[in-house]
Amino acid sequence: MPHLSVRLYPGRTKEVKQDFAEKLQDLVVKELGCEPNVVSVSFKEIEKEKWDDVIDVEIAGEDIYIEADF
Numbered sequence: 001m002p003h004l005s006v007r008l009y010p011g012r013t014k015e016v017k018q019d020f021a022e023k024l025q026d027l028v029v030k031e032l033g034c035e036p037n038v039v040s041v042s043f044k045e046i047e048k049e050k051w052d053d054v055i056d057v058e059i060a061g062e063d064i065y066i067e068a069d070f
């Protein structure tokens, strides 16, 4: 059911991403009242120099509730 797609700068270890994914899964289960087995989480690393171009294209059409300001 819910899928969370995280885009971030490169540099975090697989263990850090796995831990973060598990925390996101726990939060979704708690807040949306679903079972853990229906929650998926993915990561896509985007180089800092390409961030604006890639993000603009990839999230076009998505509802953004919190926008970064940097």
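Read in order, the letters of the sequence shown are residues 1 to 70 in UniProt numbering. For glycine and all other residues, C-beta sits at the position ideal for the given N, C-alpha and C.
Beta-carbon contacts of Leu4 that lie in its chain and below 6 angstroms, excluding the five residues immediately before and after: Spatial neighbours of Leu4 in its own chain (CB-CB distance under 6 angstroms, excluding positions within 5 residues in sequence) are listed in chain order as Leu24 and Val41.
DSSP state of Phe70 mapped onto helix, strand, coil: Correct three-state label for Phe70: coil.
Sub-7 angstroms separation of Asp50 and Tyr9 beta-carbons: Residue identity differs from the one stated: residue 50 is Lys in this sequence, not Asp. With contacts defined by Cβ atoms closer than 7 angstroms, Lys50 and Tyr9 do not form a contacting pair.
Other residues of its chain near Arg7: CB distance less than 6 angstroms, five sequence neighbours each side excluded: The residues are Lys44 and Ile46.
Beta bridge counterpart(s) of Arg12 as assigned by DSSP: DSSP output for Arg12 lists no bridge partner at all.
Bridge-paired residues (DSSP) for Val41: Secondary-structure assignment with DSSP links Val41 through a beta bridge to Leu4.
Contact under 7 angstroms by Cβ, Pro2 with Val29: Between Pro2 and Val29, the C-beta spacing is not below 7 angstroms.
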